[in-house]
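Those sequence lines, one after another, are chains A and B.
For this note's numbering, add 1120 to where a residue sits in the first sequence, where the first one is 1.
For this note's numbering, add 406 to where a residue sits in the second sequence, where the first one is 1.
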Amino acid sequence: SQELEQSPQSLIVQEGKNLTINCTSSKTLYGLYWYKQKYGEGLIFLMMLQKGGEEKSHEKITAKLDEKKQQSSLHITASQPSHAGIYLCGADRTGTASKLTFGTGTRLQVTL
Amino acid sequence: GAVVSQHPSRVICKSGTSVKIECRSLDFQATTMFWYRQFPKQSLMLMATSNEGSKATYEQGVEKDKFLINHASLTLSTLTVTSAHPEDSSFYICSARFGRNNEQFFGPGTRLTVL
């Protein structure tokens, strides 16, 4: 079974709407990374969470890590077309920030 | 800061040839870089960890002789796909750690097509 599950797999939202993407691990994590990828391009670092209960925000994107450090959510407020892309969560299982294990990704489309 | 580049961005080669992909950290030194592979509509899979001045550490199932990694300096790691075959066609992405919390920053990727 997949060690890092993301949901939903794909999402279509109307511009201006809020949305949430979830990332669930079967094991406790040392750290959780969120990245955004446009098709055929590299990954853009969004945020990293390390502490249970931690929450970080950047512009209209907020990421949270639960107290048990097994589940994270990424919330986008008032979505814009520029938010479209593939969102990937990556898990640090070793505490060394190496060997990131990635989720299956969530493909986000924002319609006008 | 923390910019990682890759070259080339796209490469098409004939079956049996070898292809070299470069990964550079542009404004910082990286003792460790990582090479990932991504198939269409799938997530990234770590292939190997590239260590400056020493041998790379390969993940289970990755052929060392097929995917040669050289980390000759603190800003450059190279991945050579030897005797490439169509099944090696993929999107290859490198990353490097930077910052107080060792965040991984990724390059823009290299799309390899083997005919």
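Don't be surprised by glycine CBs; every beta carbon is placed ideally from N, CA and C.
- Distance from B:Ala490 to B:Val425 at the Cβ level is roughly 6 Å; contact confirmed, criterion being Cβ atoms closer than 8 Å.
- Assignment of beta-bridge partners to A:Met1168 by DSSP yields A:Tyr1153.
- Residue range 1191 to 1196 is occupied by the beta strand (DSSP E) that includes A:His1195.
- Around the Cβ of A:Ala1198, a 10 Å sphere holds fewer than 16 other Cβ atoms; the residue is exposed.
- Comparing alpha carbon positions, the residue from A:Leu1208, A:Leu1228, A:Asp1212 closest to B:Ser449 is A:Leu1208.
- Near chain B, meaning a CB-to-CB distance below 8 Å, the residues of the segment 1198 to 1229 of chain A are Leu1208, Gly1210, Thr1216, Ala1217, Ser1218, Lys1219, Leu1220, Thr1221, Phe1222, Gly1223, Thr1224, Gly1225.
- Closest in C-alpha terms to A:Asn1142, from the list A:Lys1171, A:Gly1160, A:Gly1172, A:Thr1224, comes A:Thr1224.
- Membership of A:Tyr1159 in any beta strand (DSSP E) is not indicated, and neither H nor E is assigned to it by DSSP.
- What B:Thr438 touches in chain A, judged by beta-carbon distance under 8 Å, is Ser1218, going in chain order.
- Here B:Asp494 is buried: its Cβ has 16 or more other Cβ atoms, across all protein chains shown, within 10 Å.
- Taking a C-beta cut-off of 8 Å against chain B, none of the residues of the segment 1127 to 1140 of chain A qualify.
- Residue pairing by DSSP places A:Asp1212 opposite A:Gly1151 in a beta bridge.
- With a threshold of 16 other beta carbon atoms within 10 Å, A:Gly1160 falls short and is exposed.
- In the three-state reduction of the DSSP assignment, B:His491 falls in the coil class, being assigned neither a helical nor a strand state.
- Sequence-ordered contacts of the segment 447 to 459 of chain B with chain A read Ser449, Leu450, Leu452, Thr455 [C-beta pairs closer than 7 Å].
- Residue state for B:Ser421 is assigned as coil, using DSSP reduced to three classes.
- Judged by DSSP secondary structure, B:Val410 falls within the beta strand (DSSP E) whose first and last residues are 410 to 413.
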